[in-house]
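Encoded as structure tokens, the structure appears first; notes follow it.
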Amino acid sequence: MEIKCTKSDGWGKVVRDPCKICEGSGIVEKEFDIEIELAKGMKNGTIIRQSSYGHANECSGEPEDLLIEVEVQEDDN
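Residues in the sequence shown are numbered consecutively from 1, following full-length UniProt numbering.
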């Protein structure tokens, strides 16, 4: 039976002097605004992909794609 190493959390490395900003994770959170164009007539459940705006990949640290699911609300007018 194989189990994940609890010392390295399965990464095979132990950070001895972690960064004070990322605490040794190599990843920090950042908030930002993006503009998304919505086409007239979009349907509920439509998925919009924004390349490189998602969470960081666990292995490479590169940002993944952000997936946005459209939810259409009825206009009261």
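All C-beta atoms in this analysis are idealised placements derived from N, C-alpha and C, irrespective of residue type, glycine included.
Original post:
Short check: CB of S52 to CB of E64, under 9 angstroms?
Top reply: yes
**OP:** On a CA-only basis, which of E71, D17 and N77 is nearest G45? Give me that one, please.
**Re:** E71
Subject >> Collapsed DSSP secondary structure at Q50 in the structure displayed >> reply: strand
Original post:
How many angstroms separate the CA atom of D75 from the CA atom of E58?
Top reply: 41 angstroms
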